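**Q** Residue numbers (my numbering): 24 to 197. Built from N, CA and C at the ideal position, the CB exists for glycine as well. Computed from a predicted structure; not experimentally measured.
1. Taking the alpha carbon of residue 77 as the reference point, which residue from 185, 161, 150 has its own alpha carbon closest?
2. The alpha helix (DSSP H) spanning residue 65 covers which residue range?
3. Please go through the same chain and pick out, in chain order, the residues whose beta-carbon is closer than 6 Å to the beta-carbon of residue 95, but skip the five residues on each side of it.
4. Step through the CB atoms of chain C and report whether any lies within less than 9 Å of the CB of residue 106.
5. Is it a yes or a no for the stretch 56-72 touching the stretch 161-174, going by three-plus beta-carbon pairs under 8 Å?
6. Going by the CB atoms, is the gap between residue 104 and residue 31 shorter than 9 Å?
7. Measuring straight from C-alpha to C-alpha, what distance separates residue 187 and residue 167?
8. When DSSP labels each residue in this structure, what does residue 120 get in the three-state scheme?
9. Please classify residue 58: is it buried, with 16 or more other beta-carbons within 10 angstroms of its beta-carbon, or exposed?
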């Protein structure tokens, strides 16, 4: 079997659905599972909160962006390669447009992170780095850590919804 035979639009859509579904699930679990349990642990100091968040965030940073980007490429490639009669999907639009929207929703996470989330991310990473060096964070800075983690909770949920939307749109093209 030739390698190019594996690059059919249907297989690329399946790859996009798999990646966008994984990204949505991981982001949702990070926001509503990991971060919620970190925030609801009363014995954590601000330093421990920052370090716990940083460990969870770093794991996601290594996984989700590359998968989301690869999934968007899969959707774009599938849209490019689709041929034949293009019957409207369940949402009443062409499959090519729907796959393009799916790719756009996946790529939306990058500017959202850069423009909306980056200041809080940088503060939390700086707090975590100083906490790892033994600094005790107290007072207004400690409250700022909790506020930044809570802000990350809902802004990451926005990314999870975008990834989930991409998954649903890709799935309905199949």
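**A** Checking against the coordinates, here is how it stands:
1. 150
2. Segment: none, residue 65 is in no alpha helix (DSSP H) and carries neither H nor E.
3. 126, 129, 130
4. In the structure shown, chain C does not exist; there is a single protein chain.
5. These segments touch.
6. yes
7. Here the alpha carbons of residue 167 and residue 187 stand approximately 30 Å from one another.
8. Collapsing the DSSP output to three states places residue 120 in a helix.
9. buried
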